[in-house]
Structures are given as C-alpha cells and as structure tokens.
C-alpha cells in the first residue's frame, strides 16, 4: 500500500513533465535519469521512472519479469519456468500446447513399458486431442516437415524431399489393426534407398526399392551398386535358401525350400504332405528322394501330364503351385 501511494505521488508530480522516448536496449545503460523522469520504450511500450541514483525502474512490474514484447536484460542464467515441482504450460487460444515437467507431475505415468518412471523429465506436446510439430523448410515449395498425431491414435512423420517431393513414415489403422507405412515422392518414380555410413565419411547403398508411375510395379535391388534392379528382385550376390534332411514322414510349410529324403522310418500313407496349392500360389519346393525306396507325396501334376502321388527313388523333383495344383517343373535323376 505504501509503495502504491509513493508511486501515485511521483506519477502526479510528473504529469507536467515530458515523457522521454528510449529503447529497451538503452534502458540498462541510462545512469543520468532525473528523479521521477518518465521514460517509454518505443519498441516494447514499457514505462520506466528515474530513480535517485540516475537509473531507471520498470513501472508496473519487476525487471526480472518476462515481458510480452521481449526482455533486454536477460542473461545466460535467466530462465522461464518454475523452481518447484510444478507443471509449466504454454497455451494458445485457451488450449495447452506444450507442457514441461516430470512425468508424474504431468499425469502421464501408466503401467505400460517405458511410461512408469514418475521422475522422468519430459516435454509434452498437446493440442486438444492431437498434436503437431512443424519445421521450416523454405527450399520445398509444396510440403513442410511435420511430426503429427491423428484422431485414430497414429503417429506420422512427413518430411520434405527436394523442391516438390515428400516422404512419409508412420503408423496407420484403427482399433487393433495397426500397421507401419513408408511413402515417398509425389509422382511414383522416387526410390526408397537404404544406406550405411562408413567412418571415412562415405555412404554405401545396401538396397533400393523403385516404383514406376501410378502402378503397383516395384523393383527391388540388393547390392546393385546404386542401379535400378533389372527385375522385380535383383540380388548382386549369393542367395541362401532353406534346406533340411528328413528320415520320416513330414509336412512341408512356408519355411521349407529343399527337402532331402534320407533312409529312415517312414510309415504308410502320405509320407510327404504338401500344403494346399490354393494357399501358396507361386511357391516352389525341391524334393530329392535318396531314401532307397519309392515314397508317397500329396497329389501333383506329373512332368508329362496327369496326376501322381509317387516319388521314385534316386530322383529330384521341383514342384510349383499354380494356385490350383502342384505342377512338376522338373523331374530328373
């Protein structure tokens, strides 16, 4: 109350005086202000009053307060926040946009893995149900880099690529039917390239996936030296395929490719069972029978036509599903 009275007296005594214009940058340098002189900063519209020692004091606030028009007296130790375990929130349009504090203070502790540490310091980006963080990228004319969430609970990253392209990585789906998407380009011809970095500063291309226009066609090249694959799949090196040796009845599955039938204990009936051809169109199996006996297998179309269930001894068969039947592609000794 005493301060308010003194301030009122000083203010009334200066009504007849002129108001001196200055800038916020000059305020800390003024040491010859007259007692009671009024100074107004032209850049921040703040009002100061001269003290008996010639310096200025901010009217209506402390010099340690953060001003709406910026602060000229901030130092390397100045902070914006709290000195207690209290949430700090940045709002706009009465909506919390950014909150900072401990996980427990922000009310974000759950029983899910990685979300249980109440003392973890963090920044929480909000926005009334969804949130977004956008970056400036003046070089791209159409898209801007942004990390954002959707109302379905998905997180996505949209990035710029060159002057007019983009890439997007993110989760998609609803309920429990989630998936992860990778999207690149805006005309269908941009590749997705996987590289590794070497300590020498160079990068080495490992794999390239290349699309063509508005079609589902894709070419995948592994170790092709940066060239677009010459087929749907091109591998610039060796390929390892599964192989196993059996000595008894077995059922082939999607983990098999080559199967060797050695002598052993096979019981009567179908000794080698193939999956239904309708479930795996295009799949290939190689079966080599060196079990010293004829073996029975699921029905297949023989090399010369007609059906068969016989694997003759000392023979190598190659079968491929056409979506209806297992076709013999090769039958050789």
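Numbering (mature numbering (1 follows the signal peptide of the UniProt record, and there is no 0)), first residue to last: -20 to -1, 1 to 313.
All C-beta atoms, glycine included, are put in the ideal place defined by N, C-alpha and C.
Bear in mind that the values here come from a model prediction, so they are computed numbers and not experimental data.
When DSSP assignments are scanned along the segment 98 to 176, the uninterrupted stretches of beta strand (DSSP E) that are 3 or more residues long and fall wholly within it turn out to be 101 to 105, 112 to 114, 126 to 129, 135 to 141, 145 to 154 and 157 to 164. With distances taken between CA atoms, residue 21 lies nearest to 38 out of 15, 237, 38 and 181. DSSP, reduced to helix, strand and coil, places residue 208 outside both helices and strands of the structure shown, so it counts as coil.
Take residue 11, set aside five residues on each side of it, and the residues of its chain with a beta-carbon closer than 7 Å to its own are 34 and 35, in chain order.
Restricting attention to 26, 67, 117 and 124, the CA atom closest to the CA of residue 101 is found in 67. Shown here, residue 267 sits in a strand according to DSSP, grouped into three states. As a beta-bridge residue in DSSP terms, residue 297 pairs with 267 and 311. Residue 260 sits away from residue 288, with the two beta carbons spaced by 7 Å or more. Contact annotation: residue 91 and residue 111 have beta-carbon atoms that are not nearer than 7 Å. In the displayed model, residue 75 falls within a strand according to three-state DSSP.
Counting only the Cα atoms, residue 126 lies some 15 Å from residue 77.
Taking residue 222 as the centre and dropping the five residues before and after it, the same chain places the C-beta of 235, 236, 237 and 238 closer than 8 Å to its C-beta, in chain order. With respect to the C-alpha of residue 145, the residue from 69, 65 and 119 having the closest C-alpha is 119.
Proximity to residue 147 across 161, 157, 165 and 133 peaks at 165, based on C-alpha coordinates. Distance between residue 32 and residue 73, taken at the CA atoms: about 43 Å. Between the C-alpha atoms of residue 293 and residue 270 there is a straight-line separation of about 6 Å. Around the Cβ of residue 7, a 10 Å sphere holds 16 or more other Cβ atoms; the residue is buried.
If you draw a straight line from the Cα of residue 65 to the Cα of residue 93, it is about 24 Å long.
Residue 109 counts as exposed, since fewer than 16 other C-beta atoms from the protein chains shown sit within 10 angstroms of its C-beta.
Secondary structure note for residue 26: it is in no beta strand (DSSP E), with a DSSP letter that is neither H nor E.
Between the alpha carbons of residue 251 and residue 170 lies a gap of roughly 49 Å.
Apart from sequence neighbours up to five positions away, the residues of its chain that approach residue 135 with a beta-carbon distance below 7 Å are 129, 150 and 151, ordered along the chain. Counting every other CB atom within 10 Å of its CB across the protein chains shown gives residue 46 a total below 16, marking it as exposed. When the five nearest sequence neighbours on each side are left out, the beta carbons in the same chain lying within less than 7 Å of the beta carbon of residue 89 are those of 83, 95, 96 and 98, in order along the chain. By the 16-neighbour rule on beta-carbons within 10 angstroms, residue 79 is buried. Pairing residue 18 with residue -2 gives a Cβ-Cβ distance under 7 Å. Residue 188 is bridged by DSSP to 173 and 201. Put simply, of 183, 133 and 181 the residue whose alpha carbon is nearest the alpha carbon of residue 160 is 133. When 50, 107, 87 and 40 are compared, the shortest CA-CA separation from residue 70 is found for 107. In the structure shown, residue 225 adopts extended strand secondary structure according to DSSP, grouped into three states. Relative to the Cα of residue 265, the nearest Cα in the group 245, 284, 295 and 233 belongs to 233. For residue 138, the closest of 85, 115 and 153 by C-alpha to C-alpha distance is 115. In the displayed model, residue 7 falls within a helix according to three-state DSSP. Residue 258 sits in a helix when the DSSP states are folded into three classes.
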